[in-house]
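**Q**
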Amino acid sequence: MLNRLTISELTTKLRRREVSAREAAQACLDQVQRVDGQVKAFLSCDVADVLTQAEAADRELADRASTHRPLLGVPVAIKDVIAVKNQPLTCGSRILEKFVSPYDATVIEKLRAAGATIMGRLNMDEFAMGSSTENSAYFTTRNPWDAARIPGGSSGGSAAAVAAHECIASLGSDTGGSIRQPAALCGCVGLKPTYGRVSRYGLVAFASSLDQIGPFTKDVRDAATMLAAISGRDERDSTSVPEPVPDYAKVLTGDIKGLRLGLPKEYMIDGLDPEVNQAVRAAIGQLQELGAEIVEISLPHTDYAVATYYIVATAEASANLARFDGIRYGLRVDGTDPIELYSKTRGAGFGAEVKRRIILGTYVLSSGYYDAYYLRAQKVRTLIRQDFLKAFEQVDLIVTPTTPTAAFKAGEKSEDPIQMYLSDIFTISCNLAGVCGVSVPCGFTSNPKLPIGLQFLGQPFGEAAMLNAAFAYEQATEWHKAIAPLAS
Amino acid sequence: MAASDFDVKYVARLARLNLTQDEEMKFGAQLGQVLNYIEKLNRLDVSQVEPTAHAVPLVNVTRPDEVRASLPTEEALRNAPAKANGLFVVPKIVE
């Protein structure tokens with residue numbers, strides 16, 4: 003059962019030569035073979051390539067057991083929006099069905115430098131637009147806790163693969179909650195770093211001012227290890243910030259005595275499921291017992307976050323997705339002139355949600371509407387960011403539910419965009435404000451048994467303090483150790 | 002900025018995006034609802050507020066202007082839908 007191990011457990015065993023990297027990779031591949039017919043987290047997996055990488059890791063482990071590469075021999079699976087050289091990069095879209103990446107994203111270079119075995123392509127909502135993976139052009143990933151339910155999205159494959167123990171950790175991307183929401187719904191740890199913490203070079207752009215890459219892991223220590231491996235300034239991404247990268251795993255003390263935790267009163271909304279509310283309240287009680295001080299705070303512009311997000315994100319998406327025009331790569335549907343070629347290609351290549359968002363984004367940027375929609379939304383974004391900066395003068399961290407409900411059923415919201423958008427209500431502000439966030443398991447609903455997520459929001463570049471609070475909570479609880487039915 | 006002004010056909014043309022008739026009907030109705038929802042931003046007075054384009058404002062990020070290796074031509078053309086003689090093949094633009 004090597005596939006069930008955490009990064010820290012596996013690397014300890016690998017260094018002691020109790021197990022080989024090949025055995026670990028094989029255990030994950032076997033699990034994919036066994037359960038992915040049901041879970042459907044992987045779009046593809048290059049088995050020969052995975053084993054070649056694992057064997058290289060074993061040679062290095064044999065040569066010098068004292069190696070300091072923190073992920074040497076650890077199988078890490080990748081959301082299909084991050085470029086891995088010579089592997090497919092579909093973004094869950096037909097328009098990139100046959101695309102093969104000519105280069106590695108910076109995060110992949112960094113994972114390789116840390117020794118990770120890069121494993122497979124994980125399913126997602128098309129171009130990361132969605133909250134359920136139902137917008138994937140290929141298939142819907144299933145929640146490992148209940149196959150009738152969605153795993154969340156857009157990084158649903160990344161969350162489900164970790165929860166189903168098909169890999170040791172994975173990478174996803176988060177534009178409005180696309181890491182934290184699926185992590186909460188699948189019962190794993192999902193971390194969205196501060197905007198600028200991690201290079202976006204090689205991440206296919208959705209909304210450039212909001213996108214960040216981050217890890218899915220089985221516990222908080224692993225999230226810290228992964229974050230340290232992928233963070234840092236990269237000259238190929240001019241928005242990556244030259245802040246020093248701490249050894250995040252080393253600073254986890256589990257001591258949160260005197261830590262001030264803010265509870266935003268605006269997050270206690272009507273749509274909050276009673277069981278979610280109860281679990282989060284219990285978690286807050288536990289944090290208090292651990293020595294944290296709870297302070298009620300206000301984020302007064304919370305109610306405007308979803309509307310602001312769907313203007314800013316779609317505007318940026320409509321510009322970013324203009325590159326998919328059938329000329330240089332991807333699908334081409336011929337036309338008599340270039341305009342007809344573009345329009346036919348895009349009409350045939352994009353799915354419904356991508357089309358909706360391109361149209362909305364084009365509209366809010368179009369002549370006569372720019373000031374009324376886009377500029378106004380950018381101003382409201384300022385107010386939302388100021389809410390957070392003001393709150394952080396009062397408290398060290400903010401704690402909230404990650405989602406208003408546990409995982410919903412496939413099909414339940416797919417025809418109602420607004421209801422789908424509202425499932426990200428607690429995660430969206432974090433991206434607009436540019437702060438960091440992490441979701442950790444904090445309980446289950448009773449019938450059916452579905453995971454519930456607790457979200458910590460930290461100050462810009464305050465990942466170390468945020469992870470330490472999440473770690474303290476996790477040390478005091480057993481939720482993260484539960485095994486999903488579809489994983490066994 | 003009334004949502005009723007929203008002309009899905011016109012905007013789809015701006016976006017170079019072919020829609021079927023069904024899609025036009027469906028998206029028109031759905032996006033009308035989304036625009037109505039977005040109208041709530043009008044309740045706020047933002048006359049004194051500066052816009053935020055990026056949450057982490059870095060300005061004038063430059064690097065030395067030096068020649069570096071880039072993607073080789075074959076690699077850049079690897080995913081091209083049509084190519085010949087090291088070039089992308091596209092429809093005729095001028096007669």
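As they're listed, the protein sequences go chains A and E. Note that the numbering used here numbers the first sequence so that position 83 is 85, with each residue one more than the last. Note that the numbering used here numbers the second sequence so that position 59 is 60, with each residue one more than the last. Even glycine gets a Cβ: it sits at the ideal position worked out from N, Cα and C.
Give me the chain E residues within the contact set of A/V382, using Cβ-Cβ distance strictly less than 7 Å, ordered along the chain.
**A** The answer, in chain order, is L42, L45, V47.
**Q** Please state whether the Cβ-Cβ distance between A/M126 and A/S157 is less than 7 Å.
**A** yes
**Q** Roughly how many whole angstroms lie between the Cα atoms of A/K267 and A/T304?
**A** 10 Å
**Q** In its own chain, which residues sit with a C-beta less than 7 Å from the C-beta of A/L98, not counting the 5 before and 5 after it?
**A** Taking C-beta separations shorter than 7 Å and ignoring five residues to either side along the sequence, the partners of A/L98 in its chain run L91, T92, G332, following chain order.
**Q** Could you give the DSSP three-state label for E/F89: helix, strand or coil?
**A** strand
**Q** Starting from the beta carbon of A/K357, find every residue of chain E whose beta carbon is closer than 9 Å, and list them in chain order.
**A** A13, A16, L18, L20, E24, F28
**Q** Mind checking who A/T219 pairs with in its DSSP beta bridge?
**A** Its beta-bridge partners are A/V191.
**Q** Given a limit of 7 Å on CB to CB distance, which residues of the stretch 46-70 of chain E reach chain A?
**A** V47, V50, E51, P52, T53, A54, H55, A56, V57, L59, V62, R64
**Q** Measure the CB-CB distance between A/R123 and A/L45 and report whether it falls below 7 Å.
**A** yes
**Q** Assuming A/P217 contacts A/A161 (C-beta within less than 8 Å), just tell me the rounded distance between them.
**A** The Cβ separation is near 11 Å, so there is no contact.
**Q** Are the C-beta of E/V95 and some C-beta of chain A separated by less than 7 Å?
**A** no
**Q** Does A/A309 get closer than 7 Å to chain E when you measure Cβ to Cβ?
**A** yes
**Q** Give the residues of chain E in contact with A/P406, contact being defined as C-beta atoms less than 8 Å apart.
**A** Near A/P406 there are no residues of chain E at all, since even the closest Cβ is about 17 Å away, more than 8 Å.
**Q** Could you give the distance in angstroms between the alpha-carbon of A/R238 and the alpha-carbon of A/S201?
**A** 8 Å
**Q** With a 10 Å radius around its C-beta and 16 neighbouring C-beta atoms as the bar for buried, classify A/R19 as buried or exposed.
**A** exposed
**Q** Between A/Y312 and E/I94, how many whole angstroms is the CB-CB distance? I'm expecting something under 8 Å.
**A** At roughly 36 Å, the Cβ-Cβ gap does not stay under 8 Å, so A/Y312 and E/I94 are not in contact.
**Q** Interface residues of chain A around E/L88 at Cβ under 9 Å?
**A** Neighbours of E/L88 on chain A: none; closest Cβ ~11 Å, over 9 Å.
**Q** Who does A/S172 pair with in a DSSP beta bridge?
**A** A/A79, A/F218
**Q** Going by Cα to Cα distance, which pick from A/T177, A/T14, A/G328 is closest to A/S431?
**A** When only C-alpha atoms are compared, the closest one is A/T177.
**Q** Which stretch, first to last residue, makes up the beta strand (DSSP E) that contains A/I299?
**A** 295-299
**Q** For the stretch 228-240 of chain A, which residues have a beta carbon sitting closer than 9 Å to at least one beta carbon of chain E?
**A** Within the stretch 228-240 of chain A, those residues whose Cβ lies closer than 9 Å to any Cβ of chain E are, in chain order, E237, S240.
**Q** In chain A, what lies closer than 7 Å to E/A81 by C-beta?
**A** R330, Y331
**Q** Roughly how many angstroms lie between the CA atoms of A/S368 and A/T135, to the nearest whole one?
**A** Taking the straight line from one Cα to the other gives about 30 Å.
**Q** Let me know the beta strand (DSSP E) ranges lying completely inside the stretch 407-464 of chain A, each 3 residues or longer, listed in chain order.
**A** 438-446, 453-460
**Q** Closer than 7 Å by beta-carbon distance: list the chain E residues that pair up with A/T364, in chain order.
**A** V12, L15, A16
**Q** Would you tell me roughly how many angstroms separate the C-alpha atoms of A/A150 and A/V164, rounded to the nearest one?
**A** 18 Å
**Q** Pick out the complete alpha helix (DSSP H) segments inside the stretch 20-85 of chain A, 4 residues or longer, and give them in chain order.
**A** 23-41, 49-65
**Q** A/D339 touches chain E at which residues, Cβ-Cβ below 7 Å?
**A** P92
**Q** Report the partner residues of A/V401 according to the DSSP bridge assignment.
**A** BP columns for A/V401 point to A/F458.
**Q** Report all residues from its chain with a CB closer than 8 Å to the CB of A/D257; omit the five preceding and five following residues, and keep chain order.
**A** G293, N470, A474
**Q** Counting along the chain, where does the alpha helix (DSSP H) carrying A/I313 start and finish?
**A** 307-322
**Q** Helix, strand or coil: how does DSSP classify A/S345 here?
**A** helix
**Q** Mind checking whether A/G363 and A/A309 have CB atoms under 7 Å apart?
**A** no
**Q** For A/L16, list the residues DSSP reports as bridge partners.
**A** According to DSSP, A/L16 bridges with nothing at all.
**Q** Listing by chain order, which chain E residues have their CB less than 7 Å from the CB of A/S201?
**A** Chain E residues near A/S201: none, gap ~13 Å exceeds 7 Å.
**Q** On the CB-based measure, 16 or more other CB atoms within 10 Å of its CB, does A/I341 come out buried or exposed?
**A** A/I341 is exposed by the Cβ-count criterion.
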